[in-house]
Every structure is written in C-alpha cells, then in structure tokens.
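Heads up: the sequence shown begins at 50 in the working numbering, then just goes up one per residue.
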Amino acid sequence: MENTDPCRHFLEDVKRIIIKVGTAVVTRQDGRLAVGKLGALCEQIKELNSLGYEIILVSSGAVGLGRQRLRYRKLINSSFADLQKPQVELDGKACAAVGQNSLMALYDVLFSQLDVTSAQLLVTDNDFRDKDFRMQLSETMKSLLALKVIPIFNENDAVSTRKAPYEDSSGIFWDNDSLSALLALELKADLLILLSDVEGLYSGPPSDPRSKLIHTYIKEKHQSEITFGDKSRVGRGGMTAKVKASIHAAEAGIPVIITSGYAAENIIKVLQGQRVGTLFHKDAHKWAPVKEVDAREMAVAARDCSRRLQALSSEERKQILLKIADALEAHQNEIRIENEADVADAKEAGYEKSLVARLVLKNEKLASLANNIRIIANMEDPIGRVLKRTELAEGLILEKKSSSLGVLLIVFESRPDALVQIASLAIRSGNGLLLKGGKEAKRSNAILHKVITEAIPDIVGSKLIGLVTSRAEIPELLKLDDVIDLVIPRGSNKLVSQIKSSTKIPVLGHADGICHVYVDKSADLEMARRIVLDAKIDYPAGCNAMETLLVHKDLVEKGWLNSIIIDLRTEGVTLYGGPKASPLLNIPMARMLHHEYNSLACTVEIVDDVYAAIDHINLYGSAHTDSVVAEDHEVANVFLRQVDSAAVFHNASTRFSDGARFGLGAEVGISTSRIHARGPVGVDGLLTTRWILKGSGQIVDGDKAVNYTHRDLSI
Numbered sequence: 050m051e052n053t054d055p056c057r058h059f060l061e062d063v064k065r066i067i068i069k070v071g072t073a074v075v076t077r078q079d080g081r082l083a084v085g086k087l088g089a090l091c092e093q094i095k096e097l098n099s100l101g102y103e104i105i106l107v108s109s110g111a112v113g114l115g116r117q118r119l120r121y122r123k124l125i126n127s128s129f130a131d132l133q134k135p136q137v138e139l140d141g142k143a144c145a146a147v148g149q150n151s152l153m154a155l156y157d158v159l160f161s162q163l164d165v166t167s168a169q170l171l172v173t174d175n176d177f178r179d180k181d182f183r184m185q186l187s188e189t190m191k192s193l194l195a196l197k198v199i200p201i202f203n204e205n206d207a208v209s210t211r212k213a214p215y216e217d218s219s220g221i222f223w224d225n226d227s228l229s230a231l232l233a234l235e236l237k238a239d240l241l242i243l244l245s246d247v248e249g250l251y252s253g254p255p256s257d258p259r260s261k262l263i264h265t266y267i268k269e270k271h272q273s274e275i276t277f278g279d280k281s282r283v284g285r286g287g288m289t290a291k292v293k294a295s296i297h298a299a300e301a302g303i304p305v306i307i308t309s310g311y312a313a314e315n316i317i318k319v320l321q322g323q324r325v326g327t328l329f330h331k332d333a334h335k336w337a338p339v340k341e342v343d344a345r346e347m348a349v350a351a352r353d354c355s356r357r358l359q360a361l362s363s364e365e366r367k368q369i370l371l372k373i374a375d376a377l378e379a380h381q382n383e384i385r386i387e388n389e390a391d392v393a394d395a396k397e398a399g400y401e402k403s404l405v406a407r408l409v410l411k412n413e414k415l416a417s418l419a420n421n422i423r424i425i426a427n428m429e430d431p432i433g434r435v436l437k438r439t440e441l442a443e444g445l446i447l448e449k450k451s452s453s454l455g456v457l458l459i460v461f462e463s464r465p466d467a468l469v470q471i472a473s474l475a476i477r478s479g480n481g482l483l484l485k486g487g488k489e490a491k492r493s494n495a496i497l498h499k500v501i502t503e504a505i506p507d508i509v510g511s512k513l514i515g516l517v518t519s520r521a522e523i524p525e526l527l528k529l530d531d532v533i534d535l536v537i538p539r540g541s542n543k544l545v546s547q548i549k550s551s552t553k554i555p556v557l558g559h560a561d562g563i564c565h566v567y568v569d570k571s572a573d574l575e576m577a578r579r580i581v582l583d584a585k586i587d588y589p590a591g592c593n594a595m596e597t598l599l600v601h602k603d604l605v606e607k608g609w610l611n612s613i614i615i616d617l618r619t620e621g622v623t624l625y626g627g628p629k630a631s632p633l634l635n636i637p638m639a640r641m642l643h644h645e646y647n648s649l650a651c652t653v654e655i656v657d658d659v660y661a662a663i664d665h666i667n668l669y670g671s672a673h674t675d676s677v678v679a680e681d682h683e684v685a686n687v688f689l690r691q692v693d694s695a696a697v698f699h700n701a702s703t704r705f706s707d708g709a710r711f712g713l714g715a716e717v718g719i720s721t722s723r724i725h726a727r728g729p730v731g732v733d734g735l736l737t738t739r740w741i742l743k744g745s746g747q748i749v750d751g752d753k754a755v756n757y758t759h760r761d762l763s764i
C-alpha cells in the first residue's frame, strides 16, 4: 500500500487494542447522540472482532448526554415563571448517571444489530488502589475477550469521590484519556487508539492553515514546539489530556495513535499501517532522522520560485524551456533505463495492459516530447498580454491582462510523459508546480524531474517544480488553499472523485473519457470505417479513444454494421452490445452504457436517428469528445450544436482531441467542466486575468469628480 508508514511496522503483531472514543465523536454539537458516527464505529469494531482482534472500548460522552436529557426534562416540567428565574447548573454526577444509561442502551442496540455482544464496566479512581480489584479485572477481561464480547469502560462519575472528576486531575487517573492509558498498561494491550474530533496532533491550532499534522511524535523534537495547558498551541479542548496520556502509555511500551473519529474507517486504516493520525512510540527518537514531510514548505517554495520566474523576460523563460528540451535528448539513455525498470516491474506485478502501455517511454516519445517543448518555447508570451483596454475617463486607462495562476498541484497516474508536458506548460505560463505521479512510474518520474529541474537556472530555483513521492502527502497538500491555486487530477474516475471531495481548491479535469462515434445513414462509409478504426485502435488506452460506436439503424440492412464488426474483431477488439445491438449481433450485453474500457474493447449500439444518438451521448457520455460521421450537413450541424461535450467533431477521429494536435504544444489534461477551461488545456488554461488601472491623480468623490467615457481602445 503506497501510503503505508514504515514507522508502523509493529502493527503486524497487534492483537489486543483499546479504543477510546471522545465526547465530540459520541455526541453532536447540540449534545444529542451522534448515531451515524457511533454506528460506523461499531461496524469497524465488528469487522476487527471477526478478524480475531481483541477490542476494548473506553467511551466518553455520558455527562454531556445526561445534561442534555435533564435540561430537556426540566424544560418541559417548568412553568413560564420558573423559566424567568436564574437557571441553576445541573449536578454533574446526576448528569453522568442519566447519560451513562442512555449511552450504553445505544451501544447495546447497535452491537446487537451487528450480532456482537457488549458489556458495561464502570470504574472509579479508588478501584485501582485495590490489588484484588486489579487482578479480578484482568480475569474478567480474559473471560469476556475469549467470548468475543466487547467490554465498554467509562469512569463512574456518578459515584466518584472527587468533587469534579472532569476537572480534578489528582489521583491514579483523572479522565477517560488517562483511564484508557491505565487500562492499556493493566490489561497488557498491544495498541491504544484515541479517537478525537481532529486528525491528530498539530503543531498549532488545527484551524490555522500554517499548522501541520505531526505524523510521529518525537519528544526531543516536538516537546519544545508545543505547549500545554492554558497556553496550548494545539488549540483544541481535550488534546492536552490525550497527549499526556499518550506519552505516559508510550513510555511504558504501549504504542498510541491519536486520530479522527469522524473519518470513515480510520481504525481499519490505522491497522493497515496507513499514515493517519499521530503516532506515539517509545522508539520514536530512533526515527528522528526520518524527515517529516512538510507539504506547506514545498508549496510555499514553489510559489516563491514562480514569482521569480514571472519576473523574467519572455526570452529568458523561452531559453529555460529550450534547455530542458536539449536535456531530455541528452539524457535519453538514462531515462529509458529507469523507464524500462518501471515497465518490467509493472508487468511482473500484473498490471493491466492499458496501464503498462501508458507507462512506456520510447525514443520516439521522448523526441516528440522535446519537440513539443520547443513548440511551447516559441509560442507568443502568454503572460502580460493585454486582452482588453478601456478608457474609463480622460487620462484613466483600464487594461485587462493575462496573468499566471500561481501554484498548480497535478496528480496523475501511470503516464510519465505527462510530467514533461505539464512542467513545460507551467514554466511557459509562469506557474509553480507540485507533481504526484503513480507509484508504477516512480523511477521514470524521478529521473525526468531530475533532468528538468537541473536545467532550471538558480535565479528561479529548482524548487519551482516539486515532486511529491508519497500518497500520504496529498491530503496535506489538498488543505493548502491559501498557497495552491489549482488542482489537476489526471487518472481514474475514483482518483478525480476523491480529490474533488477532499479539497476547497478549484479542481480542473475529467473523471471519464467515454467518447462516442455516431455513424449516420448519410455517411461516406469508407470514411466512417477509417474513422471508427482509428478512434478505437490508434491508442486504446487514451482518454480520447472511442468507447462506444453508435450506428444508424439503416446501416444494419445495408450490411455496413456487420462489416465494421468484422474489421474491429480482426483488429482484436472485444465487442459488447447495447439493448438493441446485443441480441441482433449475438454479442455480450454491455455491463453498463456509461463505461470507459481504456483497452481494445468497445460498446456498439443501434440508434434510430441523429436525435437518438444525441440523447444517448448526453445521457451516457462523459462530456469529453464525441464525433459524427455524416455527409448530410443538417445532421452534422444538429449534432455539433446539441451534443453537450467539451469537444465535438464532424468527420474526424476522436483521437484529435489532444493539446499537441490542437497546436497547444502540450496539455495538462482535458477538462470537462464548464468554468475556466474546457477541452484540452494548454498554456491558456493555466492563466487567469488581472486588472491594471493607470491614472493621473483621479479620485471618485461620489462619482462627481470624474466624467466617465467607458470607451473601448485598440489593443
């Protein structure tokens, strides 16, 4: 698993786990039970229980839940006059007694639905002073866990001898965080997980964008960075207690992880070794040389370098690109060696042929990449172009100019050539760049990044283009909406969807490339044959390859449909049919009509006319690229007007939907969104605009001091 943390190798030997659930996880903001979150937690515990883990739960929330219920009861039993009187704060012990009953009732219902048995154990500080109690506790736990029962602990605040058990920090334990640490030691747990309302321990308030998540707490490093108590920089209630309990347990040999109780399946992810939350471990100091990833530092460095790049002249930026093109050709052998190693590993790992095909960098591909970089270098300077000039008033001139976006984050799978294309476009458009490629192209990406950044002069800085090497860094980068200006995911539907749902940064891209070719009854049938075959077999793994062939019903009788089926099969294409084509052609029914094969396979369907074809495309397509083959220009014009896709063609292969083929030099991707950029995105798609106003002392003064002309001027 790519985002596995090597520091968490000890998880392989974990069997007994104590999970502590914070009040914020158990209850909603209004004090009521958070049934959805508790249900998801119980489902994870059920799964772990069935896998043979021994799970002990420590649950907070009783006091807050009881207070909410008693307030409601008091409200409905009060007269209007009672409500006018000063309200006395409810007794905390009474709240605990009422709340504990409700809390356990819900746990019992939820676990019963999952065919799991739970048990309640209420303890106080004084209980642990009794040696016999501690021995009996151990024996009881042994019996319950052997029966696969889930013990649920809580401090018995209702009968605690302390005046304010949730405030008084004296005694053996003083809250459920310290109770969970004590139980971890007493019951010889292998792991303690503390669930909170934030992702873990941060270097500052989690709401502060400058704060970063600490993945592994190293006392020698972090103790001086974070203060506790009233001056805590952590900025979250309860985190101080969690950290103290974690340090205590870790020093005694029990690994601890603080993580979010909100995120889906976080407990499962912890046990898979994924890099979630903050790890406390007695050997953490031995890992100190392992540098924590600083996503913000990487993004800020790219932004600073981009500003220096923008300050260069157009000719200077052009020379950087020409130098990169030369470097690609000069280091061709080194690049091929690393790429061939990636390809061999991918084949050995059993990756799909379409992925392996996208991975390959042949000499011709490298030569083509170098040529495209030179084309981009020789383009008109895109930065600072005057797009509009307006005279607002005499001597007051407003200009609208093209401007760099700032910092781009590109996440792409498989294709190492994408790294070169994106880097060249970013440099020409004056943008900083952060790149995250797939693990299958790790060596190729590393050598390409090295070759490109070594060609960037010191006056700009090699940190203009940062290479992100671990998937674990992506969530941190996606939070940096104050530094990163645009995210462009290039890959699977799942990748694009995950990124869109995980960030406030604008996302440009497409989730699917479900491209159609519609062959009308008026088509030149030889032309149609060439277009269909090219659209499917020229490069089946491309997002602009044909995935669905739509054929006018009259071409069935003419025999053309059978003819093209034979041609496609001869080329090795596996065919699937829609509801009409499947029984007629005796081919398997397509699993779904909205499907991207990325291989030598496609769907075939028969339609009544161009309007039926348009309806099919708008319903099942992905708004990427669609083409009509027709000699009837009225049919063609209807198709071009009504198909709602980023690129719509007439009598041409869908494979033309490409930045280089459009004369853009290269592309960072193809966008199916309607805002900012659409279709193949080249240099222009990486630009924004800004307004430059030049005056001679004008003031507004309630619009009395100026006579507006609003006259368009020539550019």
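Note that the Cβ used here is the ideal one computed from N, Cα and C, for glycine as well.
Being a predicted model, the structure only gives us computed values, none of them experimental.
field: For residue 171, the nearest candidate out of 157, 384, 599 and 201 (CA to CA)
entry: Taking the first residue of the sequence shown as position 1, residue 171 is located at position 122. Ranking 157, 384, 599 and 201 by Cα distance to residue 171 puts 201 first.
field: Cβ neighbours of residue 492 in the same chain (closer than 6 Å, five flanking residues each side left out)
entry: If you number the sequence shown from 1, residue 492 lands on position 443. Residues of the same chain with a CB within less than 6 Å of the CB of residue 492, apart from the 5 flanking positions on each side, are 387, 390 and 391 in chain order.
query: By DSSP, does residue 375 sit in helix, in strand, or in coil?
result: For the purposes of this step, residue 375 is taken as the residue at position 326 of the sequence shown. DSSP places residue 375 in helix when its eight states are reduced to three.
field: Limits of the beta strand (DSSP E) - the one that residue 189 falls within
entry: For the purposes of this step, residue 189 is taken as the residue at position 140 of the sequence shown. For residue 189, there is no enclosing beta strand (DSSP E); the residue is part of the alpha helix (DSSP H) that begins and ends at 180-195.
field: Beta-ladder partner(s) of residue 103, from DSSP
entry: By one-based count along the sequence shown, residue 103 stands at place 54. Bridge partners of residue 103: 65.
- prompt: Taking just the CA atoms, how far does residue 645 sit from residue 401?
  reply: Along the sequence shown, one-based indexing puts residue 401 at 352. Along the sequence shown, one-based indexing puts residue 645 at 596. For residue 401 and residue 645, the gap between their C-alpha atoms comes out near 14 Å.
task: Write down the C-beta distance between residue 582 and residue 620 rounded to the nearest angstrom, noting that I regard them as a contact closer than 8 Å.
output: Residue numbering aside, residue 582 sits at position 533 when the sequence shown is read from its first letter. Residue numbering aside, residue 620 sits at position 571 when the sequence shown is read from its first letter. With a Cβ gap of about 7 Å, residue 582 and residue 620 count as contacting.
- request: Starting from the C-beta of residue 435, find all residues in its chain whose C-beta is less than 8 Å away, skip the five residues before and the five after it, and write them out in chain order.
  value: The residue labelled residue 435 in the question sits at position 386 within the sequence shown. Around residue 435: 448, 449, 450 and 764.
query: Do residue 470 and residue 716 have their CB atoms nearer than 9 Å?
result: Residue numbering aside, residue 470 sits at position 421 when the sequence shown is read from its first letter. Residue numbering aside, residue 716 sits at position 667 when the sequence shown is read from its first letter. Cβ distance < 9 Å, so residue 470 and residue 716 count as in contact.
Beta-carbon spacing of residue 593, residue 719 below 9 Å: Looking up residue 593 in the sequence shown gives position 544. Looking up residue 719 in the sequence shown gives position 670. Yes, the pair counts as a contact, with Cβ atoms nearer than the cut-off.
Cβ pair residue 237, residue 65 closer than 9 Å: Sequence index remark: in the sequence shown, residue 237 carries index 188 (1-based). Sequence index remark: in the sequence shown, residue 65 carries index 16 (1-based). Yes. Within cutoff.
message: Is the beta carbon of residue 70 closer than 9 Å to that of residue 107?
response: Residue numbering aside, residue 107 sits at position 58 when the sequence shown is read from its first letter. Residue numbering aside, residue 70 sits at position 21 when the sequence shown is read from its first letter. Yes, Cβ-Cβ distance for residue 107 and residue 70 is below 9 Å.
Distance between residue 289 and residue 224 (C-alpha atoms, nearest Å): As a first step, residue 224 must be located in the sequence shown, where it is residue number 175. As a first step, residue 289 must be located in the sequence shown, where it is residue number 240. Residue 224 and residue 289: Cα-Cα distance of roughly 12 Å.
task: Kindly confirm or deny that the region 420-434 and the region 749-759 touch, where touching means at least three C-beta pairs closer than 8 Å.
output: no
message: Judging by CA-CA distance, which residue of 724, 641, 758 and 587 is the nearest neighbour of residue 705?
response: The count along the sequence shown starts at 1 and reaches residue 705 at position 656. Checking every option, the nearest Cα to that of residue 705 belongs to 587.
field: residue 728, DSSP secondary structure in three states
entry: Taking the first residue of the sequence shown as position 1, residue 728 is located at position 679. Correct three-state label for residue 728: strand.
task: Give the DSSP bridge partners of residue 516, in chain order.
output: Taking the first residue of the sequence shown as position 1, residue 516 is located at position 467. DSSP output for residue 516 lists 484 as bridge partner(s).
- prompt: Nearest to residue 394 by alpha carbon, out of 463, 322, 634 and 232?
  reply: For this step, residue 394 is matched to residue 345 along the sequence shown. Here the closest residue by C-alpha is 463.
Three-state secondary structure (DSSP) of residue 428: As a position in the sequence shown, residue 428 is number 379, starting the count at 1. In the three-state scheme derived from DSSP, where H, G and I count as helix and E and B as strand, residue 428 is classed as coil.
query: At a cut of 8 Å, does the region 625-635 reach the region 526-538 through at least three beta carbon pairs?
result: no
- request: Within its chain, find whatever has a CB closer than 7 Å to the CB of residue 157; leave out the 5 residues flanking it on each side and keep chain order.
  value: Here residue 157 refers to the residue found at position 108 of the sequence shown. The residues are 167.
message: Tell me the rounded alpha-carbon separation between residue 561 and residue 198.
response: What you label residue 561 is simply residue 512 of the sequence shown in a count that begins at 1. What you label residue 198 is simply residue 149 of the sequence shown in a count that begins at 1. Those two C-alpha atoms are separated by around 46 Å.
query: Do you know offhand how far residue 635's Cα is from residue 502's?
result: Along the sequence shown, read from residue 1 onward, the residue named residue 635 stands at position 586. Along the sequence shown, read from residue 1 onward, the residue named residue 502 stands at position 453. Whole-angstrom Cα-Cα distance: 55 Å.
query: Hey, which unbroken runs of the beta strand (DSSP E) at 3 residues or more fall wholly within the region 306-337?
result: 327-329
query: DSSP beta-bridge partners for residue 387?
result: Here residue 387 refers to the residue found at position 338 of the sequence shown. DSSP, once it has assigned bridges, lists no residue as partnering residue 387.
message: Cutting at 6 Å between CB atoms, please list the residues of its own chain near residue 407, excluding the five before and the five after it.
response: Residue numbering aside, residue 407 sits at position 358 when the sequence shown is read from its first letter. Contacts found: 463, 464 and 590.
field: Classification of residue 188 by the beta-carbon crowding that lies within 10 angstroms, buried from 16 upward
entry: For the purposes of this step, residue 188 is taken as residue 139 along the sequence shown, with counting starting at 1. Per the 10 Å Cβ criterion, exposed.
- prompt: Nearest to residue 649 by alpha carbon, out of 637, 643, 664 and 617?
  reply: The sequence position of residue 649 within the sequence shown is 600, counting from 1. The candidate whose alpha carbon is nearest that of residue 649 is 617.
message: Do residue 316 and residue 105 have their beta-carbon atoms positioned less than 9 Å apart in this structure?
response: Walking along the sequence shown from the start, residue 105 turns up at place 56. Walking along the sequence shown from the start, residue 316 turns up at place 267. Contact: no.
Alpha-carbon spacing of residue 760 relative to residue 482, whole angstroms: For the purposes of this step, residue 760 is identified with residue 711 of the sequence shown, where counting begins at 1. For the purposes of this step, residue 482 is identified with residue 433 of the sequence shown, where counting begins at 1. Using only the alpha carbons, I get a separation of about 39 Å.
field: Whole-angstrom distance between residue 551 and residue 739, CA atom to CA atom
entry: Translated into the one-based positions of the sequence shown, residue 739 becomes position 690. Translated into the one-based positions of the sequence shown, residue 551 becomes position 502. If you take the alpha carbons of residue 739 and residue 551, they lie about 28 Å apart.
- request: Determine the extent of the alpha helix (DSSP H) in which residue 546 is found, giving its start and end residues.
  value: Taking the first residue of the sequence shown as position 1, residue 546 is located at position 497. Start and end: 542-549.
Same chain, Cβ closer than 8 Å to residue 349, five either side skipped, listed in chain order: Position 300 of the sequence shown, counting from 1, holds the residue named residue 349. Contacts found: 532.
- prompt: Got a sec, what are the start and stop residues for the beta strand (DSSP E) residue 740 sits in?
  reply: Here residue 740 is taken as the residue at index 691 of the sequence shown, counted from 1. That run of the beta strand (DSSP E) goes 736-743.
query: The beta strand (DSSP E) with residue 204 in it runs from where to where?
result: Sequence index remark: in the sequence shown, residue 204 carries index 155 (1-based). DSSP places residue 204 inside the beta strand (DSSP E), whose first and last residues are 199-204.
task: Please say whether residue 467 and residue 476 have beta carbons closer to each other than 9 Å?
output: Indexing the sequence shown from 1 puts residue 476 at position 427. Indexing the sequence shown from 1 puts residue 467 at position 418. Their beta carbons are not under 9 Å apart, which means residue 476 does not touch residue 467 by this criterion.
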